[in-house]
Every structure is written in structure tokens, then in C-alpha cells.
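Residue numbers (my numbering): 4 to 265. Glycine residues also receive a C-beta, built at the ideal position from the N, C-alpha and C atoms. Take a look at the structure below.
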């Protein structure tokens, strides 16, 4: 898997993985999940940490086995350390205006401007890719043809390509749901995009996780921070329940626990 983090962050991830007895890939997946959660919460699916779960800083930690308190403590310690890393280290490299890629070609802004600024961009053999978490889009360019995909709820944290592979399907991505290729995504169209030498602005990372387009308006700022966090946790639990990650009983238990804190 090709990391999309800075050298300093890569070194820190390696050290954190060794301290916690985890693989580098597991720690990277959690790092991207926390980043997508604004540095204060994460939804993840990591086999080394019990599968699907959720973490909230200063609040609850959920793992696949809701009674495994040792695993909850391990996840909480890891997430707190990674959240601290996000605030003290430049984790994600800014996209370059002109970058030399594997295969000998260069790129400026080859993706459509309406997608925004990518969180990461690069190339694997004959394919270029750019990831746009803000607009939930993925752009892949092969032989001058750019295809756009809807990434839905995926929080992409890594990229890899089958050796000798060709076509969009040869590029694989890693998110909190595991490894996937674009065959599982909805294609939004094909575009011929003229490259421009205009420098892309530095990526602006949101301090809070972006809500889906169909989500209701955020609670009023007049409410307490604790109440807002609990409500956000309940909404996240509902999402896990709808996807079948939580049973009816687990959802009802956790929801009642959170409501009792209001």
C-alpha cells in the first residue's frame, strides 16, 4: 500500500505501530479515520482491532465485542495518540503543481476544477488518481481520459495497484471498509480535461467531519459541547445500525447509555 502521508508522519506511524503491537496498515487506517472525523472521533473497520467500531475523544469507545474492555482501552489509547499526532505534525502533503510520477510523465491540475482540492494525488504505473473527500469524489486518469467516481462513505487512506495491471480496476484503495476498486463505486462520467499550470491551493482540512448532503442542520451553537458530542455519537450509532454493524439490542443499549448523559 502506498502511504499518502508525509515522511515525518510515516516515521511516527511506524513508531506508534511498534508501541501498540499493530501493523503499519492498521495504524494508517485508524489515522485516516480520525482525520475524517475532525480529529475528535472515528468510525473504523480494522480486523486487528476487532473489526468495526467507533471512537470519540473523551467519550465512548465501541468495538466488535462490546464487553471487551481491554480492547476498548487499547483502541482509546491508540486513537488519542493519533489525534495528538494530527495536531502536532504535518501529516498530509500538499499536492504539488508539477510532480514527477512513476512512469516518467508529469502533472499539473489534470482533474476537473469543480471537484475541489484533493487530499492526495499521485500515480500508480500508467494511472493517475486524485482523492476529494470534501466532494466525495475520486478521479482516475488513464491515457488522457479522466473518469469520475462517487466514493460515498469511503474515507480513503491508501492506494495500491496490481503489478502489470491496466485500467481503472487495477488501482485499489483502502478505506475504513477495507480494500476495494472502482468497480464497487458509481461512475459519474468520463471527461477530457486540459491540464493547466495554475497552482492548486493548499488543501483545507475541516476541523469537523463533513455531514452527508441529506443530513439535517447542525444543532445550534447555544447548546453545550457535551450535548452536541453525544447527539453526534447517537447519529453515528444510527448509521452503524442501519448498515447492520450493530444489532438492534446493541444499538438500543448504547443509545440509552448516551441519552442518560444528557
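- Residue 43: not part of any alpha helix (DSSP H); DSSP gives it neither H nor E.
- Taken atom to atom, the span from the alpha-carbon of residue 174 to that of residue 113 is near 18 Å.
- Inclusion of residue 75 and residue 93 in the CB contact set at 7 Å is not warranted, their separation being larger than that value.
- Ranked by Cα distance from residue 56, the options 254, 259, 265 and 260 are led by 254.
- The beta carbon of residue 54 is closer than 7 Å to those of 48 and 67 in its chain, skipping five residues each way along the sequence.
- In the three-state reduction of the DSSP assignment, residue 7 falls in the coil class.
- Exposed is the label assigned to residue 245, since fewer than 16 other Cβ atoms lie within 10 Å of its Cβ.
- Restricting attention to 139, 143, 117 and 120, the CA atom closest to the CA of residue 126 is found in 143.
- 31 is the residue among 236, 260 and 31 whose C-alpha sits nearest the C-alpha of residue 13.
- Each residue's CA atom was taken as its position, placing residue 141 and residue 156 some 12 Å apart.
- DSSP, read as helix, strand or coil, puts residue 65 in strand.
- Looking at the DSSP output, residue 190 shares a beta bridge with 152.
- A buried status is given to residue 185, since no fewer than 16 other beta-carbon atoms sit within 10 Å of its beta-carbon.
- Each residue's CA atom was taken as its position, placing residue 16 and residue 138 some 27 Å apart.
- Remark: C-beta atoms of residue 86 and residue 42 approach each other more closely than 7 Å.
- One Cα belongs to residue 178, the other to residue 59, and the distance between them is close to 19 Å.
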